[in-house]
Every structure is written in structure tokens, then in C-alpha cells.
Amino acid sequence: MGILIFGMAAAVIGRAVSDALNAYSLSNLGDSTSYPMYRIRQHVLAIPNREEVEKGGEIEVPIAIRGEEGEVDETEMVRARWEAEILPTRILDLYVLDLRANLQMGANDAQSLEERYTVYRPSWQDTEESEQLLQAKEEEFQDRLEARGETQDGEDDT
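The number in my numbering is simply the position in the sequence shown, starting from 1, with 6 added.
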């Protein structure tokens, strides 16, 4: 029962964090590097397989070309090579995603971008890693029950 409640809480928190990051990114789309990174992140998060994400890849993204007064005159599609590192957290199915991208702006001009996100992705779970987290949570749950003098079925030991 405790694991089920924990799992539901992790899902809600993970989704809330993901939604907050999306809202923040959308609010900054005027920045010339925010939108390309937003597009790269959306592309990466659409990949269900963890191994595919960790391989990295390429994507074309639009960048804003600004005029002398700082206004966007036009957009240009550029090639972005991205790589990702997925780090586990202590919460099941919640990961830290380190995303790095290099935008090829021209023959001799490149721009590097790097961001870190916390994402909820059940499809990225590693079976062994998940089992270890679940076992640790179960042990923690049992220790708390014992400290209160209760059994798992909710009755007092006294």
C-alpha cells in the first residue's frame, strides 16, 4: 500500500515538474537559444527508449536572425547535434537529464548549449535500478512501522 501511494506521488510530482519546465521554456522563446533548446528537449523527450536517448542524435532547429535593433528579422534552420546523459534519482522513474547540443550556425560558427532537467519517464527505467529503489523503500517503510510499534496490516504489536 505504501509503495502504491509513493508511486502515485512520484508520478504527480514528476508531471508537475515537467509541466513547469515546459511553461518556463515557452515563456522565454524570444531568446535566440531558448527555442532551439526547447525543440531539442521536446525531440529527446519524445524518444521512449533510454538507450536511444543516450546515443544522442541530430535534429534541425530554427534560430532567430536578429537585425541591428535586436528584432527578429527572419529564422534559419540549423543542424543541432545533441547528446544526453540520464542520471537516476532516489525517486522511482524520476531522472536528471543533462542535455548538451552544438548548433552549427555556419561554416565556421558553432554554438554550444547545455541544460539540466528533471523528468518523469517510466519508460526509461532500468529493471535492476528500479528493484533496488523499491527494495530500499520497502525497508524504509518496514523500519517506520517497527518504530511506531505497528505491523503492516495496521494493527499495533501490543
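Ideal Cβ placement from N, Cα and C applies to all residues, glycine included.
Since we're looking at a predicted model, the values are computed, not measured.
Anyone know if the C-beta pair for I53 and A107 falls short of 7 angstroms? Between I53 and A107, the C-beta spacing is not below 7 angstroms.
Count the other CB atoms within 10 Å of the CB of A22; is the residue buried (16 or more) or exposed (fewer)? Exposed, since its Cβ has fewer than 16 Cβ neighbours within 10 Å.
Which residue from L98, Y126 and Q110 puts its Cα closest to that of Q141? Ranking the options by Cα distance to Q141, first place goes to L98.
What number of angstroms, rounded off, separates the C-alpha of Y101 from the C-alpha of E146? Taking the straight line from one Cα to the other gives about 21 angstroms.
Mapping DSSP to helix, strand and coil, what is Q138? Judged by DSSP in its simplified three-state form, Q138 adopts helix.
Residues bridged to N108 by DSSP? Looking at the DSSP assignment, N108 forms a beta bridge with R87 and S118.
Going by DSSP in three states, E152 sits in which element: helix, strand or coil? In the structure shown, E152 sits in a helix (DSSP, three-state: H, G or I).
Which value, in whole angstroms, describes the spacing of the CA atoms of Q131 and T124? Take the alpha-carbon of Q131 and the one of T124: they are about 14 angstroms apart.
Option nearest M43 by Cα separation, candidates E57, V67 and E60: Ranking the options by Cα distance to M43, first place goes to V67.
What is the DSSP secondary structure of I97, counted as helix, strand or coil? Three-state result, I97: coil.
Would you check if the distance between the CB atom of E60 and the CB atom of P94 is smaller than 7 angstroms? Taking 7 angstroms as the Cβ cut-off, E60 and P94 do not qualify as a contacting pair.
Let me check you understand the geometry: is the CB of V18 closer than 6 angstroms to at least one non-hydrogen atom of the ligand HEM? As presented, the structure is devoid of all ligands, the ligand HEM included, so that no description of it is given.
Output yes or no for whether 7 angstroms exceeds the beta carbon distance between A86 and L109. Their beta carbons are under 7 angstroms apart, which means A86 touches L109 by this criterion.
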